[in-house]
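Undergrad: Following this message is one structure expressed as structure tokens.
Next comes the structure, spelled out in structure tokens:
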């Protein structure tokens, strides 16, 4: 019995689809590997904050680097109070900030602002305002520009 051979057209289509599938798999693995450290740090920071503070519902997570590097979490307690939790990257004491006691982050936002992150600068809470030109630090309590 004779076997039918695939046409050249079918072979080309199967080859192109195979290359596209391999490219998609490679891109997916690259993205997964690239975001894995961030996701791991986020999960660990949320776990630590929930265990050691009154944080119940995290709403924002970021990495803040000034004179030290901290994981910054914003969220709410069970009573609905908004708090910020700053966790040193290299371990140490957590800093819990009552967000109602300082300047609101939205008041510091400018047209070119990309993000506003709660951070520590000289062991005091600050708002780190990131933009396309760089970043500025504002005192958490007064809103005065520090850097």
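In UniProt numbering, the protein residues as written are 1 to 147.
Note that CB positions come from ideal geometry on N, CA and C, so glycine has one too.
Given the structure is predicted, the values throughout are model-derived calculations rather than measurements.
Please go through the same chain and pick out, in chain order, the residues whose beta-carbon is closer than 7 Å to the beta-carbon of residue 135, but skip the five residues on each side of it.
TA: Start at 1 with the first residue of the chain shown, and residue 135 comes out as number 135. Closer than 7 Å at Cβ, skipping near neighbours: 128, 129.
Undergrad: Across which residues does DSSP place residue 85 in a beta bridge pair?
TA: Against the chain shown, residue 85 aligns to sequence position 85. According to DSSP, which records beta bridges pairwise, residue 85 is partnered with 73, 96.
Undergrad: Given a cut-off of 7 Å, decide if residue 120 and residue 146 are closer than it, judged by their beta-carbon atoms.
TA: In the chain shown, the residue the question calls residue 146 occupies position 146. In the chain shown, the residue the question calls residue 120 occupies position 120. Their beta carbons are not under 7 Å apart, which means residue 146 does not touch residue 120 by this criterion.
Undergrad: Could you tell me which of 83, 98, 33 sits nearest to residue 56, measuring between CA atoms?
TA: To locate residue 56, count along the chain shown from 1; it is residue 56. The option with the nearest alpha carbon to residue 56 is 83.
Undergrad: In the DSSP assignment, what are the bridge partners of residue 116?
TA: Locating residue 116 in the chain shown gives position 116, where the first residue counts as 1. DSSP lists 129 as partners of residue 116.
Undergrad: Should the stretch 102-121 be called in touch with the stretch 63-70, which here means at least 3 C-beta pairs below 8 Å?
TA: Yes, since at least three Cβ pairs between the stretch 102-121 and the stretch 63-70 fall closer than 8 Å, the two stretches touch.
Undergrad: Would you mind reading off the limits of the beta strand (DSSP E) that contains residue 135?
TA: Taking the first residue of the chain shown as 1, we reach residue 135 at position 135. That run of the beta strand (DSSP E) goes 134-139.
Undergrad: Look up residue 146 in the DSSP assignment and say whether it is helix, strand or coil.
TA: Indexing the chain shown from 1 puts residue 146 at position 146. Coil.
Undergrad: Return the CA-CA distance between residue 106 and residue 27, expressed in angstroms with no decimal places.
TA: Here the question's residue 106 lines up with position 106 in the chain shown. Here the question's residue 27 lines up with position 27 in the chain shown. Near 36 Å, if we compare the C-alpha coordinates of residue 27 and residue 106.
Undergrad: So, for residue 75: in the same chain, excluding its five sequence neighbours on each side, which residues have a beta-carbon less than 6 Å away from its beta-carbon?
TA: If you number the chain shown from 1, residue 75 lands on position 75. The answer, listed in chain order, is 55, 57, 58, 59.
Undergrad: Which of the three DSSP states is assigned to residue 56 in this structure?
TA: Translated into the one-based positions of the chain shown, residue 56 becomes position 56. Correct three-state label for residue 56: strand.
Undergrad: Would DSSP call residue 44 helix, strand or coil?
TA: The residue labelled residue 44 in the question sits at position 44 within the chain shown. It is helical.
Undergrad: By how many angstroms is the C-alpha of residue 139 removed from the C-alpha of residue 122?
TA: As a working note, residue 122 is residue 122 in the chain shown. As a working note, residue 139 is residue 139 in the chain shown. One C-alpha to the other measures close to 11 Å.
Undergrad: Thinking C-alpha only, which one of 9, 45, 125, 41 is nearest residue 102?
TA: For the purposes of this step, residue 102 is taken as the residue at position 102 of the chain shown. Residue 125 is the option with its Cα nearest to residue 102.
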